[in-house]
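For the sequence shown, counting from 1, position 31 maps to 31 in this note's numbering; every step adds exactly one. Glycine included, each C-beta is placed from N, C-alpha and C at the ideal position. Being a predicted model, the structure only gives us computed values, none of them experimental. Presented below is the structure to which this report refers.
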Amino acid sequence: MILGRCGPLPLQSYPLYFVTTKIDEGPETIVYIGKTSSRSKRFSGGHTAISKLHHPKFSSAEKRLYLGCVTFMDKATEYVPLEMIQPLAAAENLLADLEMQLIYHFQPELNTSGKKRRLSKVEQLIHIQGLDSWKKDNFLYPGDNYASDVT
Numbered sequence: 001m002i003l004g005r006c007g008p009l010p011l012q013s014y015p016l017y018f019v020t021t022k023i024d025e026g027p028e029t030i031v032y033i034g035k036t037s038s039r040s041k042r043f044s045g046g047h048t049a050i051s052k053l054h055h056p057k058f059s060s061a062e063k064r065l066y067l068g069c070v071t072f073m074d075k076a077t078e079y080v081p082l083e084m085i086q087p088l089a090a091a092e093n094l095l096a097d098l099e100m101q102l103i104y105h106f107q108p109e110l111n112t113s114g115k116k117r118r119l120s121k122v123e124q125l126i127h128i129q130g131l132d133s134w135k136k137d138n139f140l141y142p143g144d145n146y147a148s149d150v151t
């Protein structure tokens, strides 16, 4: 109904995604971080990381896919959604750097690049906030790598 009235979402409405697993009563763990330009096309033909979740190691795991919106704060401390950053190449570069910074920080098992050394060119303070509780904020600082104590 809303899509019929407003049209399709902008290409980068959900540009980041996180795949997590949880086995029994253990912690929920990020196993893959990726970026995409649309919510549906990225997974329509299959995805290598998703395919790896069929490995027997993950057979008893609960698996989840989280979609993330990205908003930046400009010098005037105004919030700017990624979709509004122009030119598009600048937005794509910021998104790529953000993805690499998150991969370096969380060290997801199924990501293959960005875990051994920092690949982001411009590191930023990252504020992660879920919609279920505004009290569960997490801040990641440039250069941080807490893989040993982050799940």
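| request: Tell me, please, whether the CB atom of Y17 is closer than 9 Å to any CB atom in chain D? | output: Annotation note: the requested chain D is absent from the structure, which comprises a single protein chain.
| message | Could you compute how far the alpha carbon of D149 sits from the alpha carbon of I103? | response | What you label residue 149 is simply residue 149 of the sequence shown in a count that begins at 1. What you label residue 103 is simply residue 103 of the sequence shown in a count that begins at 1. Low confidence applies here, because D149 scores a pLDDT of 37, under 50, leaving its location unreliable; read the following figure in that light. Each residue's alpha carbon lies about 14 Å from the other.
| What residues match up with F72 in a beta bridge as DSSP calls it? | Looking up residue 72 in the sequence shown gives position 72. For F72, the pairing in a beta bridge is given by DSSP as V80.
| For L5, does the three-state DSSP call read helix, strand or coil? | Here residue 5 refers to the residue found at position 5 when the sequence shown is read from its first residue. Looking at the sequence shown, residue 5 is not Leu but Arg. Helix, per DSSP.
| message | Using 8 Å for Cβ pairs, my map puts V70 next to L98. What's the rounded Cβ distance? | response | Counting from one through the sequence shown, the residue named residue 70 turns up at place 70. Counting from one through the sequence shown, the residue named residue 98 turns up at place 98. 7 Å between Cβ atoms; contact.
| Contact set for V122: own chain, Cβ-Cβ below 6 Å, skip 5 residues either direction | Here residue 122 refers to the residue found at position 122 of the sequence shown. Here V122 has D97 as same chain residues with Cβ atoms under 6 Å from its own Cβ, once five neighbours each way along the sequence are excluded.
| message | Taking only three categories from DSSP, how would you classify I30? | response | Locating residue 30 in the sequence shown gives position 30, counting from the first residue. DSSP places I30 within a strand segment (E or B) once states are collapsed to three.
| query | At a cut of 8 Å, does the segment 50-69 reach the segment 11-31 through at least three beta carbon pairs? | reply | Yes, the segment 50-69 is in contact with the segment 11-31.
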